[in-house]
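Notes follow once the structure below has been shown.
Residue numbers (our numbering), protein chains in the order written: chain A, 1 to 315; chain B, 316 to 630.
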């Protein structure tokens, strides 16, 4: 079985031919220019799909379907990209345009959803049927797998797991509310928390780690300081672990998944982060003694996760 | 099509014969004595089921199944009641015991889940396939219907919608964490908030409404004071609406249901509460302009909702 997965980004669109084992057999990259009208970008995309099919000596009928992960708001029912700000796309009927041009069926989803499906199916090697994925990057993305299937909410607009309050009336969030998970547990939030602590403590090792320039702070700085025993670094990371741990506890009570999968920049901390989270969460898991405790794991599909995840819609 | 629904409570167990329209055709009540061992209670329950079948001139084969709503933690996979504190039940294999004694298949779920399913199927007359129900009583119960089916989480232990943080590190919650939805949006929390405000303001109308006795405060007092224009009452209700509104906004971003259904003591405020919630939430719904806004409605099944909801597992 073969499917095509497409990972749409602001700079490029990555296409991949993926088999039923989640192996990427061939890839094709379409460069996107932010100024291009969507018609041009889609024409290039269709060319890429046809190239991928023909150079592998395949016919459209050999492809089970084309899954597309979109960085924005998608209506899963109508196949319309409602808005993808980074692409300048608004109300683009992407599914129908690609289907008509290629003769292959197409399904769209939000990129975080696609990643969650790919990790559940292939990253975790089918070990889990119920997964919550949290992507800790510029924002906090969420994806939920229920009984092995992607759960997207009505019209595909649910699982915005970064936009539930952790602290009502807290830090302002991009969504217009205050105190959302994204405002505390994203890499952006971690950097803000690091800078705030650095301003309070001029002796912190974190100043040295960014060569005295606070603008050089990234998500790694507080972790490195914490590992080196710097009190300010420890404080920042302990707080961050609490924010993320409370988020995991919340979604555990809501979805009770078998596993949480963490991805994005902050997840590069791997076992160091996972162990701290386990230590925090183990104190607060709730339910009678037989209630299952979820596994906490780091996403494993790497740079091709977007392609594999999108293709998973048809695998 | 006929099913039996059983609503288990601390004082009594209500059994009902329900048809495919959600109509309760006959009922039978089994009184429970809290001191009884579970074997006795279950024997009485089996007697009730057999009575309901025989006096309606039916055979076990005429019953599609027996759905049971349990006030506690249920393992939906194994059919075991892990814990139902009010009944003193721990690890009771209820499903198998009833199945063996009656020859009718049995399914268990948490009582809040059962209520949600009943309201989605029959209260809302099938208008919605995706529903989040919040029960605002002593605690906050949650039930979620996805694509017309009950979503329970792994082993049936999810959708504990009262136990997600609204304000991290806030009011202590019964679950051992701090700042959960239940600690702000339950009827119990509303009464606490009312008492706190009364202690601050001895001139509040709320003192009169409870005849000068703060122990007479119930969930209706602050609503009555608010309606009468009492500044303290208005303050309590405005805050409560914010707590509940933020809860709805959170679960909207997570599940994006077509409707929220409110039940429990606080929901008796009906349209007065709904209109205030709509006013609050309308300012903060998030998503591109095409993103659906959920309906907010009050549960409509009334005192038989537990029976109808449990029977819905087989209707």
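The beta-carbon is built from N, C-alpha and C at its ideal position, and this holds for glycine as well.
What is the rounded straight-line gap between the Cα of residue i and the Cα of residue j?
i	j	result
residue 485 of chain B	residue 157 of chain A	30 Å
residue 600 of chain B	residue 154 of chain A	15 Å
residue 580 of chain B	residue 287 of chain A	25 Å
residue 516 of chain B	residue 524 of chain B	14 Å
residue 487 of chain B	residue 502 of chain B	15 Å
residue 399 of chain B	residue 434 of chain B	23 Å
residue 368 of chain B	residue 340 of chain B	11 Å
residue 392 of chain B	residue 318 of chain B	20 Å
residue 197 of chain A	residue 183 of chain A	16 Å
residue 536 of chain B	residue 562 of chain B	22 Å
residue 618 of chain B	residue 578 of chain B	11 Å
residue 240 of chain A	residue 185 of chain A	7 Å
residue 115 of chain A	residue 181 of chain A	19 Å
residue 10 of chain A	residue 177 of chain A	26 Å
residue 426 of chain B	residue 460 of chain B	14 Å
residue 215 of chain A	residue 203 of chain A	17 Å
residue 359 of chain B	residue 411 of chain B	16 Å
residue 365 of chain B	residue 560 of chain B	45 Å
How about residue i and residue j: do their beta carbons lie closer than 8 Å?
i	j	result
residue 99 of chain A	residue 92 of chain A	no
residue 448 of chain B	residue 441 of chain B	no
residue 81 of chain A	residue 117 of chain A	no
residue 67 of chain A	residue 313 of chain A	yes
residue 481 of chain B	residue 168 of chain A	yes
residue 225 of chain A	residue 267 of chain A	no
residue 297 of chain B	residue 394 of chain B	Because residue 297 of chain B is not part of the residues shown, which for chain B are 316 to 630, the question remains open.
residue 573 of chain B	residue 446 of chain B	yes
residue 48 of chain A	residue 31 of chain A	no
residue 552 of chain B	residue 538 of chain B	yes
residue 609 of chain B	residue 575 of chain B	yes
residue 22 of chain A	residue 122 of chain A	yes
residue 623 of chain B	residue 342 of chain B	no
residue 335 of chain B	residue 592 of chain B	no
residue 104 of chain A	residue 60 of chain A	yes
Among the candidates the options, whose CA atom is the shortest distance from the CA of residue i?
i	options	result
residue 355 of chain B	B:426, B:402, B:427	B:402
residue 595 of chain B	B:391, B:611, B:491, B:379	B:611
residue 532 of chain B	B:586, B:504, B:399	B:504
residue 243 of chain A	A:146, A:148, A:271, A:140	A:140
residue 192 of chain A	A:211, A:175, A:138, A:292	A:138
residue 72 of chain A	B:620, B:621, B:604	B:604
residue 35 of chain A	A:12, A:114, A:226	A:12
residue 94 of chain A	A:185, A:31, A:8, A:309	A:8
residue 597 of chain B	B:478, B:567, B:621, B:576	B:567
residue 685 of chain B	B:586, B:477, B:316	Outside the shown range of chain B, which is 316 to 630, sits residue 685 of chain B, and nothing can be said about it.
residue 69 of chain A	A:19, A:15, A:58, A:195	A:15
residue 272 of chain A	A:293, A:236, A:227	A:227
residue 74 of chain A	A:89, A:163, A:205	A:89
residue 357 of chain B	B:510, B:417, B:464, B:622	B:417
residue 205 of chain A	A:199, A:232, A:160, A:10	A:232
residue 332 of chain B	B:370, B:444, B:325	B:370
residue 128 of chain A	A:37, A:150, A:164	A:150
residue 550 of chain B	B:509, B:514, B:518	B:509
residue 219 of chain A	A:110, A:136, A:64, A:33	A:136
residue 160 of chain A	A:51, A:275, A:113	A:113
residue 463 of chain B	B:479, B:361, B:380, B:439	B:439
Along the chain, where does the alpha helix (DSSP H) containing residue i start, and where does it finish?
i	result
residue 343 of chain A	The first residue shown for chain A is 1 and the last is 315, placing residue 343 of chain A beyond what the model contains.
residue 51 of chain A	38-54
residue 405 of chain B	First-last for residue 405 of chain B: 404-407, but that is the beta strand (DSSP E), not the alpha helix (DSSP H).
residue 276 of chain B	Nothing about residue 276 of chain B can be reported from this structure: the residues present for chain B run from 316 to 630 only.
residue 313 of chain A	Element bounds for residue 313 of chain A: n/a, residue is neither H nor E.
residue 276 of chain A	270-281
residue 19 of chain A	First-last for residue 19 of chain A: 12-19, but that is the beta strand (DSSP E), not the alpha helix (DSSP H).
residue 117 of chain A	111-118
Can you name the start and end residues of the beta strand (DSSP E) that residue i belongs to?
i	result
residue 205 of chain A	Per DSSP, residue 205 of chain A belongs to no beta strand (DSSP E); it is in the alpha helix (DSSP H), 205-209.
residue 612 of chain B	610-613
residue 530 of chain B	Careful: residue 530 of chain B lies outside any beta strand (DSSP E) and carries neither H nor E.
residue 322 of chain B	317-323
residue 131 of chain A	131-136
residue 24 of chain A	24-31
Below 7 Å, is the gap between the Cβ of residue i and the nearest heavy atom of the ligand NAP?
i	result
residue 252 of chain A	For the structure depicted, the ligand NAP is absent and the ligand set is empty, with no information on it obtainable.
Interface residues of chain E around residue i at Cβ under 9 Å?
i	result
residue 67 of chain A	Protein chains in the displayed structure are A and B, and chain E is not among them.
Point to revise | In chain order, each alpha helix (DSSP H) run of at least 4 residues that lies wholly inside the stretch 460-511 of chain B | key: 497-500
Point to revise | Contiguous beta strand (DSSP E) assignments of at least 3 residues, all confined to the stretch 380-423 of chain B | key: 388-390, 395-399, 404-407
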